[in-house]
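Only one structure is covered here, and it is reproduced in the block below.
There are 2 protein chains.
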Amino acid sequence: MFLKAPKRSNCLLGCLSCTTAEKMSHVVKKRKLDKSRQDRLYFDSYTDVTIHEEMIADHVRTNTYRMAIMRNSESIRGKVVLDVGAGTGVLSIFCAQAGAKKVYAVEACSIAEQAVKIVKQNNMEDKIEVIRGTVETVDLPEKVEVIVSEWMGYALLHESMLNSVLYARDKWLQPGGIILPSKAELYIAPISDPVVEDRLHFWYTLKDQYGVDMSCMSDFATRCIMNSDITVNSVTVEDVLSHPARLAELDLHSVTVEELLRSVKGKFRCESFGSAAVNAFCVYFTVTFPCPDKPLVLSTSPFKPETHWKQAVLYLDAPVDVVQDTVVTGEVSMYPSEESARHICIHVDYTIGEHKRQSRTFSIPDWSSEAQP
Amino acid sequence: MFLKAPKRSNCLLGCLSCTTAEKMSHVVKKRKLDKSRQDRLYFDSYTDVTIHEEMIADHVRTNTYRMAIMRNSESIRGKVVLDVGAGTGVLSIFCAQAGAKKVYAVEACSIAEQAVKIVKQNNMEDKIEVIRGTVETVDLPEKVEVIVSEWMGYALLHESMLNSVLYARDKWLQPGGIILPSKAELYIAPISDPVVEDRLHFWYTLKDQYGVDMSCMSDFATRCIMNSDITVNSVTVEDVLSHPARLAELDLHSVTVEELLRSVKGKFRCESFGSAAVNAFCVYFTVTFPCPDKPLVLSTSPFKPETHWKQAVLYLDAPVDVVQDTVVTGEVSMYPSEESARHICIHVDYTIGEHKRQSRTFSIPDWSSEAQP
Numbered sequence: 001m002f003l004k005a006p007k008r009s010n011c012l013l014g015c016l017s018c019t020t021a022e023k024m025s026h027v028v029k030k031r032k033l034d035k036s037r038q039d040r041l042y043f044d045s046y047t048d049v050t051i052h053e054e055m056i057a058d059h060v061r062t063n064t065y066r067m068a069i070m071r072n073s074e075s076i077r078g079k080v081v082l083d084v085g086a087g088t089g090v091l092s093i094f095c096a097q098a099g100a101k102k103v104y105a106v107e108a109c110s111i112a113e114q115a116v117k118i119v120k121q122n123n124m125e126d127k128i129e130v131i132r133g134t135v136e137t138v139d140l141p142e143k144v145e146v147i148v149s150e151w152m153g154y155a156l157l158h159e160s161m162l163n164s165v166l167y168a169r170d171k172w173l174q175p176g177g178i179i180l181p182s183k184a185e186l187y188i189a190p191i192s193d194p195v196v197e198d199r200l201h202f203w204y205t206l207k208d209q210y211g212v213d214m215s216c217m218s219d220f221a222t223r224c225i226m227n228s229d230i231t232v233n234s235v236t237v238e239d240v241l242s243h244p245a246r247l248a249e250l251d252l253h254s255v256t257v258e259e260l261l262r263s264v265k266g267k268f269r270c271e272s273f274g275s276a277a278v279n280a281f282c283v284y285f286t287v288t289f290p291c292p293d294k295p296l297v298l299s300t301s302p303f304k305p306e307t308h309w310k311q312a313v314l315y316l317d318a319p320v321d322v323v324q325d326t327v328v329t330g331e332v333s334m335y336p337s338e339e340s341a342r343h344i345c346i347h348v349d350y351t352i353g354e355h356k357r358q359s360r361t362f363s364i365p366d367w368s369s370e371a372q373p
Numbered sequence: 001m002f003l004k005a006p007k008r009s010n011c012l013l014g015c016l017s018c019t020t021a022e023k024m025s026h027v028v029k030k031r032k033l034d035k036s037r038q039d040r041l042y043f044d045s046y047t048d049v050t051i052h053e054e055m056i057a058d059h060v061r062t063n064t065y066r067m068a069i070m071r072n073s074e075s076i077r078g079k080v081v082l083d084v085g086a087g088t089g090v091l092s093i094f095c096a097q098a099g100a101k102k103v104y105a106v107e108a109c110s111i112a113e114q115a116v117k118i119v120k121q122n123n124m125e126d127k128i129e130v131i132r133g134t135v136e137t138v139d140l141p142e143k144v145e146v147i148v149s150e151w152m153g154y155a156l157l158h159e160s161m162l163n164s165v166l167y168a169r170d171k172w173l174q175p176g177g178i179i180l181p182s183k184a185e186l187y188i189a190p191i192s193d194p195v196v197e198d199r200l201h202f203w204y205t206l207k208d209q210y211g212v213d214m215s216c217m218s219d220f221a222t223r224c225i226m227n228s229d230i231t232v233n234s235v236t237v238e239d240v241l242s243h244p245a246r247l248a249e250l251d252l253h254s255v256t257v258e259e260l261l262r263s264v265k266g267k268f269r270c271e272s273f274g275s276a277a278v279n280a281f282c283v284y285f286t287v288t289f290p291c292p293d294k295p296l297v298l299s300t301s302p303f304k305p306e307t308h309w310k311q312a313v314l315y316l317d318a319p320v321d322v323v324q325d326t327v328v329t330g331e332v333s334m335y336p337s338e339e340s341a342r343h344i345c346i347h348v349d350y351t352i353g354e355h356k357r358q359s360r361t362f363s364i365p366d367w368s369s370e371a372q373p
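The listed protein sequences derive, respectively, from chains A and B. The first sequence lines up with residues 1 to 373 when you count with full-length UniProt numbering. The second sequence lines up with residues 1 to 373 when you count with full-length UniProt numbering.
In structure tokens, the structure reads:
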């Protein structure tokens, strides 16, 4: 017997799993949290180095932002920039390197203290001003011409940090100013997760191995594993069963906070590549940076190099067999959970081939809001 | 930016990390818990399939118990057995296969419902009686001649489930009865954890990679990574810097709950194999089963095949260089944490070579007790 304990992963990008949380999420009763407590817990979660280490070590993320900022140097040179949720300040430094006249690096969490040191170490105190606070409360001495932010959470909207970017846009961005990135898109595809199949099959292997028939555990295992938690996992190309369908597009220049709160919706239609058992949907996103030549895309697609966002996996109650060209249609809506506005819920209505329409609502087990402050 | 969310690992035995918990443990203020709440949270943590899957999939664990029970069939045949914390009931079935007349499978958690099904599926309802409850409260119709239990937690004593085994021994074991396993031993060795070195070095690599000097982050990273959390990690043989020293031995026939509560203590002395930087201690355990021919040992040593317990890693404040034959001495005491009696604290006083004596107290960030019921 053992009670799971926090363990450090040996693989920064591959293995930051959280099975304790996973398990405890079955234990813990959800409850509403007041906004201030949600925020405190949210910002506190960025006080450890691991999360910043993982984000900066994500080459796809960091390199794409760097390239996007450098390629926009004409729009940034001599301009005033606002970095929303600056963290360690790395994006602010990229902007200063791209010629920004001034960068306001707004960061609510104590990592801002490290950002100050890093700015100093790079001799950019004259160009970059780290401001500790939320973008909703800080007071900037001037309006800005550029907003840069790395605000994307799991399944794009988990954390609802985009709200803060939109707030900053409406309050601080000059007319005609630019936002990096300027567009976000959500995609979905049916997948077959072999790990789940192996885990369910496991209970049938024990009779041969130990002489104990434990196959009756597979029902219980199915209920536990194929639950309505949003699972963040790396989906391999071979497991994607159709061309992904685009669910929704958010134009960061025009989308409103109200639209995000009401819910981000989209219909989809996919056709299966071949015969397989669908046991989940995979949801992922891309964000696009405007560039003088051609737009630059940061993609978290399973068909592209892995990022720390991996993909959001939504399990069906039970696997459904499909053959080539089986049509999978549905509608997805994403909205903030009732327990914590920072946590996303994903509701999926789907029809697979001739099967009757199914519905399921998924959410990310809310660790921060369940901790005892 | 992203707030870590629970993620399912692709590797059941290798990657059950818990970075959310790790991070949140910095956020959450500890507080005392009443015993009943501790117990509820503790038993609730066994309601998910993952934990049972991982334990049964641990071949070293499951095979060693099976062999130990089979080799003790002479002591078990025709006898009455008590399985303390039976879980899915696999050990009870091994005992029935070894010829037990009757097995009382006592399990407090709802997994007991699965144990009932498994017993039925193996046609052993006549031999095995699954009893839902804690061993402290259940009433058995008779005394037993054998107690079997898989009670070991991280660093052996995390969870303090041994207390329940000792309670069962004093209340239900007949004089001259046997306990499987009957002995537990704790070991310690200085190690060099290269993952930590790589993580600290990471901040020096960013200047070349992105043109941003972030080396000043390494102090912050050191404070975050080399903290006083007990980290459960796989220590590779190459990283062990001396012969492990035995800290303590517990004879399950004679040790008392009072002795466990007062603290399990031990002195150690190690001599370094060669030149290296010590940045942690590794603590692990073995348990021994009496067998007619020779005792059978279940070892969680880094020199033996990996188990799901891996090893408990205790980080120093800062690395200390050693050369061949550098003497590392100290004293370790393990005792229940003040916040939750089920959670272990490990206090280490140590002296490395000519360096002055250091002290540090480690604990496993207590997830269950921080969750909101």
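Glycine residues also receive a C-beta, built at the ideal position from the N, C-alpha and C atoms. Fair warning: this is a prediction, and the values are worked out from it, not measured in the lab.
Item                                                                                                                                                                    : Value
Ordered along the chain, which non-local residues of its own chain (more than five positions away) have a Cβ less than 6 Å from that of cysteine 282 of chain B?        : Ala189, Ile191, Val235, Gln311, Val313
By how many angstroms is the C-alpha of arginine 223 of chain A removed from the C-alpha of histidine 26 of chain A?                                                    : With a pLDDT of 29 at histidine 26 of chain A, under the threshold of 50, the predicted position of this residue should be treated as unreliable, though the coordinate-derived value follows. Looking at the two C-alpha atoms, the distance is approximately 11 Å.
Does DSSP put valine 232 of chain A in a helix, a strand or coil?                                                                                                       : strand
What ranges does the beta strand (DSSP E) occupy inside the stretch 279 to 321 of chain A, keeping only unbroken runs of at least 3 residues that lie completely in it? : 296 to 299
Go ahead and pull the three-state DSSP assignment for lysine 194 of chain A.                                                                                            : This sequence places proline at residue 194 of chain A; lysine is not what is there. Helix.
Is the beta carbon of valine 327 of chain B closer than 9 Å to that of arginine 246 of chain B?                                                                         : no
What are the start and end residues of the alpha helix (DSSP H) that includes serine 92 of chain A?                                                                     : 90 to 97
DSSP state of threonine 326 of chain B, grouped into three classes?                                                                                                     : coil
Taking only three categories from DSSP, how would you classify lysine 23 of chain B?                                                                                    : The pLDDT assigned to lysine 23 of chain B is 28, lower than 50, so where the model puts this residue is not dependable; a value taken from the coordinates is nonetheless given after this. If DSSP states are grouped into helix, strand and coil, lysine 23 of chain B belongs with the helices.
Assign alanine 341 of chain A to one of three DSSP states: helix, strand, or coil.                                                                                      : coil
If you count every other CB in all the chains shown that lies within 10 Å of the CB of phenylalanine 362 of chain A, and 16 or more means buried, which is it?          : buried
Please say whether serine 359 of chain A and isoleucine 346 of chain A have beta carbons closer to each other than 9 Å?                                                 : no
If the cut is a Cβ gap below 8 Å, which residues of chain A does glycine 211 of chain B touch?                                                                          : Gln97
So what's tyrosine 210 of chain A in DSSP terms, helix, strand or just coil?                                                                                            : helix
With a 10 Å radius around its C-beta and 16 neighbouring C-beta atoms as the bar for buried, classify alanine 21 of chain B as buried or exposed.                       : Low confidence applies here, because alanine 21 of chain B scores a pLDDT of 30, under 50, leaving its location unreliable; read the following figure in that light. By the neighbour-count rule (16 or more Cβ atoms within 10 Å), alanine 21 of chain B is buried.
Express the C-alpha separation of isoleucine 178 of chain B and glycine 133 of chain B in angstroms, rounding to a whole number.                                        : 23 Å
Can the beta-carbon of alanine 108 of chain A be found closer than 9 Å to that of glycine 85 of chain A?                                                                : yes
What would DSSP say about residue 391 of chain A, mapped onto helix, strand or coil?                                                                                    : What the structure shows of chain A is the stretch from 1 to 373, and residue 391 of chain A is not part of that stretch, so it cannot be assessed.
Which residue wins for smallest C-alpha separation from methionine 55 of chain B, given the options B/Val90, B/Val81, B/Ile225?                                         : B/Val90
Determine, using beta carbons only, whether leucine 12 of chain A comes closer than 9 Å to chain B.                                                                     : With a pLDDT of 26 at leucine 12 of chain A, under the threshold of 50, the predicted position of this residue should be treated as unreliable, and no value is reported.
With 16 as the cutoff for other CB atoms within 10 Å, does threonine 205 of chain A come out buried or exposed?                                                         : exposed
For the alpha helix (DSSP H) containing cysteine 224 of chain B, name the first residue and the last one.                                                               : 217 to 225
What span of residues does the beta strand (DSSP E) with aspartate 251 of chain B cover, start to end?                                                                  : 245 to 251
Taking beta-carbon pairs under 8 Å, can you tell me which members of the stretch 256 to 285 of chain B lie near chain A?                                                : none
If I'm right that valine 264 of chain A touches leucine 157 of chain A with Cβ under 8 Å, what's the distance once you round it to whole angstroms?                     : 7 Å
With a cut-off of 9 Å, does the C-beta of leucine 3 of chain B fall near any C-beta of chain A?                                                                         : Summary for leucine 3 of chain B: the model assigns pLDDT 41, below 50, so the residue's position carries little reliability, and this model does not support an answer.
What does glutamine 358 of chain A reach in chain B if we use C-beta pairs closer than 9 Å?                                                                             : Within 9 Å Cβ-Cβ: nothing; glutamine 358 of chain A doesn't reach chain B, min ~21 Å.
List, from N- to C-terminal side, the alpha helix (DSSP H) runs of 4 residues or more that fit wholly inside the stretch 127 to 175 of chain B.                         : 162 to 172
Looking at the secondary structure, which residues open and close the beta strand (DSSP E) in which glutamate 107 of chain A lies?                                      : 102 to 107
Measure the alpha-carbon distance for aspartate 321 of chain B versus alanine 277 of chain B and round it to whole angstroms.                                           : 4 Å
Between which residues of its own chain and leucine 162 of chain B is the CB-CB distance below 7 Å, once the five residues before and five after are set aside?         : Trp151, Leu260
What is the residue span of the beta strand (DSSP E) that glutamate 271 of chain B lies within?                                                                         : 264 to 271
Could you tell me whether any Cβ in chain B is nearer than 9 Å to the Cβ of valine 90 of chain A?                                                                       : yes
Could you tell me the alpha carbon to alpha carbon distance between proline 305 of chain B and asparagine 63 of chain A, rounded to whole angstroms?                    : 40 Å
How many angstroms separate the CA atom of proline 292 of chain B from the CA atom of arginine 71 of chain B?                                                           : 7 Å
Alpha carbon to alpha carbon, what distance is there between glycine 87 of chain A and tryptophan 203 of chain B?                                                       : 15 Å
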